[in-house]
Amino acid sequence: DELLRRICDIAWNCVGVVLRVKKESISLDQIQSQRFGRYSDDDSITSLFEFNVHKISARHQSEPIKRVLCLTDTCLVERDPNSYLIVTLRPLSDVFALIRETANPQMFSIEYINGDIRSYSSTDRDAFLASIMDGVRASGNIDVHVKMNHSQRAHRFTPYYARVDEEVESQHLKFLQTPPSHWTFNEAIIRFNANCSYSGLTHSVTQDGLFAENKEKMIFNALAAFADRDGEHNETNDQHLEQQFQTLRRLVASKAGFSSFTANPRFRECLGLKVVRSLKQNNDNVIHSAIDMLCALMQPMHDDYDLRQEQLNKSSLLSSKSFLESLLDVMKLHVDRGTGALVVSSMLDFLTFSLCAPYSETTDGGHFDTLLEMVAAYGRPIFRLFQHPSLAIVKGAGLVMKALIEEGSPEISAKMQELALAEGALLR
1443 DELLRRICDI AWNCVGVVLR VKKESISLDQ IQSQRFGRYS DDDSITSLFE FNVHKISARH
1503 QSEPIKRVLC LTDTCLVERD PNSYLIVTLR PLSDVFALIR ETANPQMFSI EYINGDIRSY
1563 SSTDRDAFLA SIMDGVRASG NIDVHVKMNH SQRAHRFTPY YARVDEEVES QHLKFLQTPP
1623 SHWTFNEAII RFNANCSYSG LTHSVTQDGL FAENKEKMIF NALAAFADRD GEHNETNDQH
1683 LEQQFQTLRR LVASKAGFSS FTANPRFREC LGLKVVRSLK QNNDNVIHSA IDMLCALMQP
1743 MHDDYDLRQE QLNKSSLLSS KSFLESLLDV MKLHVDRGTG ALVVSSMLDF LTFSLCAPYS
1803 ETTDGGHFDT LLEMVAAYGR PIFRLFQHPS LAIVKGAGLV MKALIEEGSP EISAKMQELA
1863 LAEGALLR
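Following the numbering used here, the numbering of the sequence shown begins with 1443 at its first residue and continues without gaps.
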């Protein structure tokens, strides 16, 4: 009691903090069971899936230490493989970005909103990244994304956990159209990505007021700048191409950017050519960012969306059979090789928005039937995905298979049943 009283006195006299001492005592068992605070319940620490990794840190410079990375409903848990005790627990809402290293094919890093960076290596790197990105987005953190370079903290005006104000967003939108004299266009893109959320612009609608800026026009002009400068970037490197697609994804996630895909034919043509070129880059980061941007055009990411505009966007994207074949060929190539989990995951999202209920309600009937037959022709690779280590890919493949059987012709359903027997799968 004397010790507690002196602690309270010193806290008040020296720091000005009032410490309140509870009369009820706390047992050691209570401390152990509640040491993770509100994440101490079973749902927060029970693993949905696990991956064996090696953790790379300054404390273990001699050699990486073995860890088991587990994804739960709300947390990313790091366990000791020998005792299975929890070493680290972090909420999924604290994840800022996932870094897929290009120099090392097994290394990846996780950036958190407080600035911490944790690096790991794993033989199933892409499968883990696909799973954790799906889990983080499902938990409500829709700003998480995968990229090949670490975030440039010096380029951002606010901490990672805070969104930038309207003035910063507006200035960076203007810089996309007219970069400062000492900046290149790629420099403007990098700084725009560093300050604007991956889920879209926070201030994308014109506010009421006499001198309010026209946000829609600024977004249209920024997208038009990509079409105007497209010829300059035919020989761009993979890092810049990935940054460009992530900028486009941020812009089309807004209502004005979503509608500009059909309102501006020149931008639509430029975007299609850029995606086709990216598919030939043979870089999973670039292809994933390109398809993820297409998904943002298929399914609106903003509030108060227009179903008619969604139908127009889908019709434009699904109208070219050769374009769809090139996307499906990339997916089939990775499935046959057992690689590119991020690319496969983003392609399954694309097919889900096109073929699976309730998203398929805005897909044109003719385009729906054409894409359904094209996917059915690739039936065997889809069955192989049911044995993928990433549950996100297994779930996506299940949704696509369900659409093939329920919406396809009797011939397609019969073919899927034959392939199920050949691949040892059970269709319910």
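Note that the Cβ used here is the ideal one computed from N, Cα and C, for glycine as well.
- Comparing alpha carbon positions, the residue from L1571, A1539, D1734 closest to G1557 is A1539.
- Going by DSSP, K1497 is part of the beta strand (DSSP E) stretching over 1491-1498.
- Assignment of beta-bridge partners to V1588 by DSSP yields L1540.
- In the same chain as L1793, and ignoring 5 residues on each side of it, the C-beta atoms closer than 7 Å to its own belong to V1817, V1842, in chain order.
- In summary, V1717 is buried, with 16 or more beta-carbon neighbours lying within 10 Å of its beta-carbon over all protein chains present.
- Beta bridge pairing from DSSP links C1450 with no other residue.
- DSSP, read as helix, strand or coil, puts Y1820 in coil.
- Taking a contact as a CB-CB distance under 8 Å, the pair S1757 and D1806 counts as one, their CB atoms being some 5 Å apart.
- With respect to the C-alpha of D1672, the residue from E1711, N1637, E1658, R1462 having the closest C-alpha is E1711.
- P1523 sits away from V1537, with the two beta carbons spaced by 9 Å or more.
- Under the Cβ criterion (8 Å, minimum of three pairs), the region 1501-1518 does not count as touching the region 1462-1475.
- Judged by DSSP secondary structure, T1689 falls outside any beta strand (DSSP E) and instead within the alpha helix (DSSP H) spanning 1680-1694.
- Out of N1494, D1568, S1525, L1490, the CA that lies nearest to the CA of V1786 is found in D1568.
- Cβ contact annotation for E1492 (same chain, cutoff 6 Å, sequence separation greater than five): V1510, C1512, in chain order.
- Look at L1518 here: in three-state DSSP terms it is strand.
- Positions of the beta strand (DSSP E) runs, each at least 3 residues long and wholly inside the region 1540-1568, are given as 1549-1554, 1559-1563 in order along the chain.
- With 16 or more other Cβ atoms from the protein chains shown falling within 10 Å of its own Cβ, S1832 counts as buried.
- A direct Cα-to-Cα measurement between H1645 and S1720 gives close to 30 Å.
- For C1512, the three-state secondary structure derived from DSSP is strand.
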